[in-house]
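A.B. asks: Supplied in structure tokens, the structure appears directly below.
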Amino acid sequence: MRIDIITGVPELLDSPVNHSIIKRARDKGLVEVHIHNLRDHSKDKHRKIDDYAFSGDAGMVLNIQPIDDAIDSLTRARKYQEIIYTTPDGAPFRQQTANQLSTCENLIFLCGHYKGIDQRIRDHLVTRELSIGDYVMTGGELAAAVMVDCIIRLIPGVLSDETSALTDSFQDGLLAPPVYTRPAEYKGWKVPEILMSGNAAEIEKWKFEQSLERTKKLRPDLLRDQR
Ligand code: ADE
0 MRIDIITGVP ELLDSPVNHS IIKRARDKGL VEVHIHNLRD HSKDKHRKID DYAFSGDAGM
60 VLNIQPIDDA IDSLTRARKY QEIIYTTPDG APFRQQTANQ LSTCENLIFL CGHYKGIDQR
120 IRDHLVTREL SIGDYVMTGG ELAAAVMVDC IIRLIPGVLS DETSALTDSF QDGLLAPPVY
180 TRPAEYKGWK VPEILMSGNA AEIEKWKFEQ SLERTKKLRP DLLRDQR
């Protein structure tokens, strides 16, 4: 898989894509992540990439030309399944969205900044608009980092068996069950007896019940959504 991220603030993406599991996935050749600085596509002598809104509203808007050129240079080289714009007014990004996007070969993420991007980019070039939640950040970079992280960990070979994504919260519409490790008792706080029983079938049953109970208590909306 190849992911291209277009941004006016590439520094914000440095750390998330260059550490831990994503770095290992890149080193293993399972994913390529390319970060493109929008300013490299600016034709302005000061490398400006934004301007005042015609509406007179406060806040700067990212110009069309640098974004169009950045997208054009990528789409000329290969076919992309989606050109995703990260924006608070996009569709909610969910685990199912990550599952679906993890099967794509090439993806572009376009990060909004300041007041947003010229609407014509959204109308003519963007194929999908996604939000990570009902709150507004200063830019779409951290949202892109969240989405890219969720997608990359689903690519086969990225996670080891022990950390398999199949047992994640949300993967089956339920929150994950609680987990415990050694010691079996600490300050009198005990691990549930069943986990020490060695009875695999009973443990599976217990995990499912715990998942269901947790979901009912903490996120009843997830159970309603499934009906
Ligand atoms: N840009 C600013 N806020 C955002 C959000 N909640 N989701 C996606 N992109 C954003």
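0 is the number of the first residue of the sequence shown in numbering that gives the first Met the number 0; add one for each residue after it. C-beta: ideal position from N, C-alpha, C; glycine also. On a predicted model such as this, the values are computed, not experimentally measured, just so you know.
P15 and N36: beta carbons closer than 8 Å?
C.D. replies: No, the pair does not count as a contact, with Cβ atoms beyond the cut-off.
A.B. asks: Examine the ligand ADE and report whether any of its heavy atoms sits within less than 7 Å of the Cβ of Y113.
C.D. replies: The answer is no for Y113.
A.B. asks: Nearer than 7 Å: is that true of the beta carbon of V60 relative to any heavy atom of the ligand ADE?
C.D. replies: Not so, every heavy atom of the ligand ADE lies at least 7 Å from the Cβ.
A.B. asks: Going by the beta-carbon positions, is the gap between L61 and I48 smaller than 8 Å?
C.D. replies: Contact flag set, yes.
A.B. asks: Mind checking whether the beta-carbon of V135 lies closer than 7 Å to any heavy atom of the ligand ADE?
C.D. replies: Yes.
A.B. asks: Relative to the ligand ADE, is the shortest distance from any of its heavy atoms to the C-beta of T96 smaller than 7 Å?
C.D. replies: No; taking the cut-off as 7 Å, the Cβ of T96 has no heavy atom of the ligand ADE nearer than that.
A.B. asks: Cutting at 8 Å between CB atoms, please list the residues of its own chain near V147, excluding the five before and the five after it.
C.D. replies: Only I2, I4, P15, V16, I21, V32 and F108 meet the Cβ criterion.
A.B. asks: Does the distance from the C-beta atom of G58 to that of K114 stay below 8 Å?
C.D. replies: Yes.
A.B. asks: Where do the N-terminal and C-terminal ends of the beta strand (DSSP E) with M254 fall, by residue?
C.D. replies: Since the first residue shown for the chain is 0 and the last is 226, residue 254 is missing from the structure and cannot be characterised.
A.B. asks: Taking F207 as part of the alpha helix (DSSP H), name the residues at either end of that continuous run.
C.D. replies: Start and end: A199 to L217.
A.B. asks: Under 7 Å from any heavy atom of the ligand ADE, does the C-beta of I131 make it?
C.D. replies: Correct: I131 has its Cβ closer than 7 Å to the ligand ADE.
A.B. asks: So for S101, helix, strand or coil by DSSP?
C.D. replies: In the structure shown, S101 sits in coil (DSSP, three-state: anything other than H, G, I, E or B).
A.B. asks: Provide the residue(s) that pair with F169 in DSSP beta bridges, ordered along the chain.
C.D. replies: F169 is not bridged to any residue.
A.B. asks: Am I right that G139 and T85 are in contact with their C-beta atoms under 8 Å? What's the rounded C-beta distance?
C.D. replies: About 3 Å; that satisfies the 8 Å criterion.
A.B. asks: Use the C-beta contact count for M195: other C-beta atoms within 10 angstroms, 16 or more gives buried, fewer gives exposed.
C.D. replies: That one is exposed.
A.B. asks: So, at 7 Å on beta carbons, what are the nonlocal neighbours of N98 in its own chain, with the 5 sequence-adjacent residues on each side left out?
C.D. replies: Here the set comprises L153.
A.B. asks: For L129, which of Y79, D88 and E201 has the nearest alpha-carbon?
C.D. replies: Selected option, being the one with the closest Cα: D88.
A.B. asks: How far does the beta strand (DSSP E) with A24 in it reach, from first residue to last?
C.D. replies: Careful: A24 lies outside any beta strand (DSSP E), inside the alpha helix (DSSP H) at S19 to D26.
A.B. asks: Please classify A90 as buried or exposed, where buried requires at least 16 neighbouring CB atoms within 10 angstroms.
C.D. replies: Per the 10 Å Cβ criterion, exposed.
A.B. asks: Ends of the alpha helix (DSSP H) at D50?
C.D. replies: Element bounds for D50: not the alpha helix (DSSP H) but the beta strand (DSSP E), D49 to Y51.
A.B. asks: Check each candidate in Q95, I34, D68 and R127 and name the one with the smallest Cα separation from Q80.
C.D. replies: Ranking Q95, I34, D68 and R127 by Cα distance to Q80 puts R127 first.
A.B. asks: Given A142, which residues of its chain have a CB within under 6 Å of its CB, disregarding the five upstream and five downstream residues?
C.D. replies: Within the same chain, A142 has close Cβ partners T85 and I131.
A.B. asks: Between P176 and K216, how many whole angstroms is the CB-CB distance? I'm expecting something under 8 Å.
C.D. replies: Between K216 and P176 the Cβ distance is about 13 Å, and since that is not below 8 Å, they are no contact.
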